[in-house]
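Engineer: My questions will all concern the structure given below.
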């Protein structure tokens, strides 16, 4: 069974450009999460989808970030326009079970570098 | 609100020595606690979890952690370190009974010295 896959693994862009990160969760997982880790800091929650609906987007930094989950399958996270402080590793995770006892399955992350 | 504090961003141990990675949590309600590991160039992998059953939790690769409510701690241990244990370890917490918004610590990089 395929795990959570993320694309691209690494993206280098200039300030002001746009980047779109993609996450394919494990098939059948209704819950999809985005997290971000800025260098040396904690892994911070960005948002949570249940199927195609945003359950919680309280961690989204500002309106330059837009997340979508088309048809409740894959998800994209767009940053437009990118700023220097957006650099970091963006992790996607999925889970089958609603509720805290379910395990989160993480992708390998997409490293974003904004110059 | 919940949070976790990991003491020590870098820990070095000799191969065969005890591994002890510290985590303290703060939670307004009974928490669920996790340890995740990230090996180089890989995603995060669940090591073990505490969900209000046994306070001593055993995980993969010989790791275990003990939930101590009186100390608000969930330290990760392994009796004998292997070279393959070199990785970054994250303590995480979520609130019991709720949906799964997980809060992570800042991580501890474990170095194993031959």
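Protein chains in written order, with my numbering: chain Z, 7 to 121; chain U, 17 to 130. Cβ coordinates follow ideal geometry from the N, Cα and C atoms, glycine included.
Strictly below 8 Å CB to CB, what residues from chain Z border residue 121 of chain U?
Structural biologist: Counted from its first residue, the second chain places residue 121 of chain U at position 105. Within 8 Å of the CB of residue 121 of chain U, the CB atoms of chain Z belong to 48, in sequence order along the chain.
Engineer: Quick one: which residues of the segment 17 to 50 of chain U get their C-beta closer than 7 Å to a C-beta of chain Z? List them in chain order.
Structural biologist: 48
Engineer: Counting C-beta neighbours from all protein chains within 10 Å, is the total for residue 46 of chain Z 16 or more, i.e. buried, or is it exposed?
Structural biologist: For the purposes of this step, residue 46 of chain Z is taken as the residue at position 40 of the first chain. The residue is exposed, with fewer than 16 neighbouring Cβ atoms inside 10 Å.
Engineer: So the beta strand (DSSP E) residue 69 of chain U belongs to, where does it begin and stop?
Structural biologist: Numbered from its first residue, the second chain carries residue 69 of chain U at position 53. Unbroken run through residue 69 of chain U: none, as it is neither H nor E.
Engineer: Is it buried or exposed, residue 17 of chain U, if we count other Cβ atoms within 10 angstroms and call 16 or more buried?
Structural biologist: Residue numbering aside, residue 17 of chain U sits at position 1 when the second chain is read from its first letter. Counting C-beta atoms within 10 angstroms of its own C-beta, residue 17 of chain U has fewer than 16 neighbours from the protein chains shown and is therefore classed as exposed.
Engineer: Between which two residues does the beta strand (DSSP E) containing residue 80 of chain Z stretch?
Structural biologist: In the first chain, the residue the question calls residue 80 of chain Z occupies position 74. Per DSSP, residue 80 of chain Z belongs to no beta strand (DSSP E) and is neither H nor E.
Engineer: Is the beta carbon of residue 98 of chain U less than 8 Å from the beta carbon of residue 39 of chain U?
Structural biologist: The residue you call residue 98 of chain U lines up with position 82 of the second chain. The residue you call residue 39 of chain U lines up with position 23 of the second chain. The answer is no: Cβ separation not under 8 Å.
Engineer: Does DSSP put residue 92 of chain Z in a helix, a strand or coil?
Structural biologist: In the first chain, residue 92 of chain Z corresponds to position 86, counting from 1. In this structure, residue 92 of chain Z counts as helix in the three-state DSSP scheme.
Engineer: Taking 8 Å as the CB-CB limit, is residue 53 of chain U close to chain Z?
Structural biologist: Mapped onto the second chain, residue 53 of chain U falls at position 37. For residue 53 of chain U, the answer is no, since every Cβ of chain Z falls outside 8 Å of its Cβ.
Engineer: Helix, strand or coil for residue 30 of chain Z, going by three-state DSSP, please let me know.
Structural biologist: The residue labelled residue 30 of chain Z in the question sits at position 24 within the first chain. It is a strand residue.
Engineer: Can you list, in chain order, the residues of its chain whose CB lies under 6 Å from that of residue 97 of chain Z, leaving out five sequence neighbours each side?
Structural biologist: Position 91 of the first chain, counted from the first residue, corresponds to residue 97 of chain Z. Once the five neighbours on either side are set aside, the close Cβ partners of residue 97 of chain Z are 41, 112, 115.
Engineer: Suppose the cutoff is 8 Å on Cβ atoms and the five residues either side in sequence are ignored; what does the same chain contact list for residue 34 of chain U look like?
Structural biologist: Numbered from 1 along the second chain, position 18 holds the residue referred to as residue 34 of chain U. Same-chain partners within the cutoff: 93, 94, 95, 96, 97.
Engineer: Answer with buried or exposed for residue 47 of chain U, where buried requires no fewer than 16 other C-beta atoms within 10 angstroms of its C-beta.
Structural biologist: As a first step, residue 47 of chain U must be located in the second chain, where it is residue number 31. With 16 or more other Cβ atoms within 10 Å, it is buried.
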